[in-house]
Amino acid sequence: MKPSSHTGSAQSSAGRPRAFNEAQFLDGAIKLFRDRGFSGVSISDITAATNLSTGSVYKAYKDKQGVFAMALERYVFLREEQIKTRLEKAATSKDKLAELLRDYVELSQGKDGKLGCMVVAGVTNFDQLGAAASSLEKQLAKRRSNIAELIKSGKQDGSIAATTNETAAAEVILALLQGMRVIGKASTLTHDTERFVAQALKVLE
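In this text, residue positions in the sequence shown follow full-length UniProt numbering: the first is 1, and each later residue adds one.
Here it is as structure tokens:
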């Protein structure tokens, strides 16, 4: 899903269509889900934070799971764009993975760390997501695949040991990245980013 500023159409309480900025609405929902988790957010919370009526929310998204699924797509798209921009200057695939780890260290501390990760928010309430659970599974699988491709590329450019099992290493790195966001919501992840990154990259040796 590409982030957009177009106006969506939902039904007002009077039966007339009401236009709304979907990107703005989803950004408001993302902030709530990141902060409180899926189970900690109600439709009334969403309407209060976004100024969209309850009827309009149900008309456009059917239920809270529907809001979460669309918000997750937008959240992941925006994150992928940020990561792409950050990694494109790295010389080798191993450098890209190091930069990815640095990115997550930064996101796991300070204001962003306390706010939390929407993917983690979904995982911790996975059994409540309904149809949105499949969206979350696909996003996690895509992240794992992207990491595995980086490792495979690193083996080809010589920056990563040829004996590294890209599937196993990708699973470890994905678990580490998501775990970093969990810890970051509760406490300081690390006081030494470079030492942390260097240690994490040992999984590629």
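The beta carbon of each residue, even a glycine, is placed where N, CA and C say it ideally should be.
(1) Around the Cβ of A186, are there at least 16 other Cβ atoms within 10 angstroms (buried) or fewer (exposed)?
(2) What are the boundary residues of the alpha helix (DSSP H) that S135 is part of?
(3) With a CB to CB cut of under 8 Å and the five nearest residues on each side skipped, what residues in its chain are close to K114?
(4) Alpha carbons only, please: which of N21, Q24, F33, F20 is nearest the one belonging to V123?
(5) For F38, name the three-state secondary structure that DSSP assigns.
(6) Taking K96 and L204 to be in contact with their CB atoms under 8 Å, please state how far apart those CB atoms are, rounded to whole angstroms.
(7) Quick one: what's got a C-beta closer than 7 Å to L52's C-beta in the same chain, skipping five residues either side?
(8) Hey, quick one: how far does the alpha helix (DSSP H) through E80 stretch, first residue to last?
(9) By DSSP's criteria, F126 is part of a beta bridge. Which residues make up the other side?
(10) Can you check whether the CB of V105 is closer than 8 Å to the CB of R181?
Let's see:
(1) Exposed, since its Cβ has fewer than 16 Cβ neighbours within 10 Å.
(2) From DSSP, the alpha helix (DSSP H) with S135 extends over 132–157.
(3) Excluding residues within five positions, the ones whose Cβ falls inside 8 Å are G184, K185.
(4) Among N21, Q24, F33, F20, the Cα nearest to that of V123 belongs to F33.
(5) The answer is coil: DSSP assigns F38 none of H, G, I, E or B.
(6) Wrong, their Cβ atoms sit about 12 Å apart, outside the cutoff.
(7) Excluding sequence neighbours, L52 sits near F20, F25.
(8) Note, E80: alpha helix (DSSP H), 64–87.
(9) F126 is not bridged to any residue.
(10) Contact flag unset, no.
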